[in-house]
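One structure is given below, encoded as structure tokens.
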Amino acid sequence: LRKDLVKWVRTEIGPIASPDLIQWAPGLPKTRSGKIMRRILRKIAENDYAALGDTSTLADPSVVDNLIEHRMNKG
Numbered sequence: 245l246r247k248d249l250v251k252w253v254r255t256e257i258g259p260i261a262s263p264d265l266i267q268w269a270p271g272l273p274k275t276r277s278g279k280i281m282r283r284i285l286r287k288i289a290e291n292d293y294a295a296l297g298d299t300s301t302l303a304d305p306s307v308v309d310n311l312i313e314h315r316m317n318k319g
């Protein structure tokens, strides 16, 4: 599936947009109203775990812990 995704991105968007890393996630950090907290996703992608900011509005804080754990294991 990883190869198929990279191939699709290269075909549809172009080689410049080819992803370096694809991280599988069981869930995304969402607010109680269902909005995805992209700020937290950016900080995790930047390996800036200490500066996640306000996480009090998360519907399920364990999702963030899971994403960080998997990110740390992958590099």
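Start counting the sequence shown at 245; every next residue gets the next number (my numbering).
Note that CB positions come from ideal geometry on N, CA and C, so glycine has one too.
In this text, all values refer to a predicted model and were calculated from it rather than measured experimentally.
Task: Cutoff 8 Å; reference VAL253; Cβ partners in own chain excluding five residues on either side - done: ALA261, SER262 and PRO263
TODO: Verify whether the separation of the beta carbon atoms of ILE284 and LEU296 is less than 8 Å.
DONE: yes
Task: Cβ neighbour criterion (16 or more within 10 Å) applied to PRO259 - done: exposed
TODO: In angstroms with no decimal places, state the Cα-to-Cα distance between PRO305 and MET316.
DONE: 17 Å
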